[in-house]
Ligand SMILES: O=C(O)CCC(=O)C(=O)O
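Residue numbers (the numbering used here): 40 to 306.
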């Protein structure tokens, strides 16, 4: 991605609340991701589609592509956290169920978290969190591609925009692209009217100082963090976990008890 392309995507995020970054995954990587989702679909009741980074090496690509990480950190800071990683297979005849904004459970778009002092308005001045949808198959006008309301990241109410049906746009994208959008942007899958399933991986990201959807720092497998290298502890928030001991017993760098208190470590 050239600097000019990067800047255009940044501008699109600012004005429209989303951007499509092309060619983040290769065709082979998409094919491997689809195979793994098909395998994991059989274990869906046992969490097959949750925290995918623990389930197959291919999903580690979601945070290994430098141009994507650079884009995410441009908005959320250099210590941005991966909040979860979900698989999505949208079969023919499904999708199109309505629009929502993310962050309604653990994030700032939770109705109970709006404050009277803010006039019950949500935070629109800064991007607090992002969602990234990795398209493993092409996203088309008819196969359940994500639809969203351009510009709705700036709406300061929590209610669905009045004319959302007229304003919503289906975002077409090549396989291997990543759709990135502001957590405030109203969105949802469109109806899959095609003959084939739509495959994707959904990776939400958060600011380091907000709450993630899972306690990723504790749930990620150690070998997955190791393979992520220098970035692993940052992306999985291992230095961001609050101490469950007194501060003097806590190793901030490691995100766990200091040596002599290691027996108190919580997995
Ligand atoms: O699958 C899609 O197109 C939308 C996913 C979605 O709504 C979400 O991740 O919050």
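From the three backbone atoms N, C-alpha and C, an ideal C-beta is built for every residue, glycine too.
The beta carbon of residue 58 sits closer than 6 Å to those of 48, 51, 52, 219, all from its chain and outside the five residues before and after it, given in chain order. Excluding sequence positions up to five before and after residue 199, its CB lies within less than 7 Å of the CB of 138, 225, all in the same chain and listed in chain order. Residue environment for residue 55: buried (at least 16 other C-beta atoms within 10 angstroms of its C-beta). Cβ-Cβ separation between residue 275 and residue 121: approximately 6 Å, consistent with a contact (criterion under 8 Å). Note on residue 141: 16 or more other CB atoms within 10 angstroms of its CB, so buried under the neighbour-count rule. Boundaries of the alpha helix (DSSP H) around residue 77: 66-80.
A straight line joining the alpha-carbon of residue 194 with that of residue 251 spans about 23 Å. Within 10 angstroms of the beta-carbon of residue 260 lie fewer than 16 other beta-carbons, which makes it exposed.
The secondary-structure analysis by DSSP pairs residue 170 across a beta bridge with 220, 243. Short of 6 Å from the beta carbon of residue 95, and not among the five residues preceding or following it, lie these beta carbons of its own chain, in chain order: 75. In the DSSP secondary-structure assignment, residue 296 is bridged to 289.
When distances are taken from the beta-carbon of residue 93 to the heavy atoms of ligand 1, even the shortest one reaches 7 Å or more. Its Cα nearest to that of residue 284, the residue 299 stands out among 299, 129, 118, 267. Within the DSSP secondary-structure output, residue 231 pairs in a beta bridge with 182. Between the alpha carbons of residue 236 and residue 254 lies a distance of about 30 Å. Taking residue 248 as reference, the option from 119, 302, 82, 256 with the minimal CA-CA separation is 119.
Annotated as proximal: residue 63 and residue 216, with beta-carbon spacing under 8 Å. For ligand 1, no non-hydrogen atom lies closer than 7 Å to the CB of residue 72.
Straight through space, the alpha carbons of residue 134 and residue 208 are spaced by roughly 15 Å. Rounded to whole angstroms, the Cβ separation of residue 278 and residue 294 is 5 Å, and the two are in contact under 8 Å. The segment 250-279 is shown to contain whole alpha helix (DSSP H) runs of 4 or more residues at 255-258, 261-266, 271-274, in chain order.
Around the beta carbon of residue 72, 16 or more other beta carbons sit within 10 angstroms, so the residue counts as buried.
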